[in-house]
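In the UniProt record's numbering, the protein residues as written are 1 to 119.
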Amino acid sequence: MPGKPTENPAEKHRRLILAAVRAVPRGQVAGYGEIARRAGLPGRARLVARILSEGDEPGLPWHRVLRSDGRVAFPPGSEGFDEQVQRLRAEGVRVEGGRVRGQSAAATLDEMLWAPPPR
DNA sequence: CTCTTGACGCCAT
DNA sequence: GATGGCGCCAAGA
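1) On the criterion of 16 or more Cβ atoms from any shown chain inside 10 Å, does residue 26 qualify as buried, or is it exposed?
2) Quick one: Cα of residue 20 to Cα of residue 39, how far?
3) Count the C-beta pairs between the stretch 64 to 79 and the stretch 96 to 103 that are closer than 8 Å, then say yes if the count reaches three, no if not.
4) Can you tell me where the alpha helix (DSSP H) holding residue 28 begins and where it ends?
5) Please report the residue range of the alpha helix (DSSP H) in which residue 46 lies.
6) Tell me whether the beta-carbon of residue 66 lies closer than 8 Å to the beta-carbon of residue 29.
7) Using the Cα positions of residue 51 and residue 34, report the straight-line distance between them to the nearest angstrom.
8) Going by DSSP in three states, residue 116 sits in which element: helix, strand or coil?
9) Kindly indicate the opening and closing residues of the alpha helix (DSSP H) around residue 81.
10) On the criterion of 16 or more Cβ atoms from any shown chain inside 10 Å, does residue 10 qualify as buried, or is it exposed?
In structure tokens:
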């Protein structure tokens with residue numbers, strides 16, 4: 001039966017991913033792959049990147065999403081890079097050379113990810 | 001339909 | 001730490 005307008009998988013995924021990104025607390029960072037995993041879409045890091053690249057969703061803390069190695073995903077020197085670094089620093093995140101510092105940024109971005117930052 | 005591109009990730013060298 | 005190759009998936013040409 002009818003009923004439900006069968007939501008496209010793509011749209012559902014988008015919604016889940018956006019929710020996962022919003023769930024990242026201020027002052028913290030997460031990896032694309034980690035976001036995908038939290039959204040229930042393991043291995044879809046690229047999908048996360050693609051959705052963020054669309055740039056919609058106002059208020060979305062996209063700047064808290066980094067590569068798995070703790071590096072900013074934009075090419076150094078680009079606008080996106082600069083803006084992301086500024087935003088992160090504005091939240092108290094230590095960024096050096098386009099890389100987030102904090103012991104490991106995310107050795108595996110799995111367990112220590114949601115650890116509260118010392119202050 | 002095929003081919004390329006991309007805000008990625010992991011592993012080997 | 002830097003580079004290169006392969007995997008993955010969606011969108012555009």
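For glycine and all other residues, C-beta sits at the position ideal for the given N, C-alpha and C.
According to the data block:
1) exposed
2) 6 Å
3) yes
4) Residue 28 -> no alpha helix (DSSP H), and no H or E assigned at all.
5) 45 to 54
6) yes
7) 15 Å
8) At residue 116, the pLDDT of 49 sits below 50, so the modelled position is not reliable and the matter cannot be decided from this model.
9) 79 to 90
10) exposed
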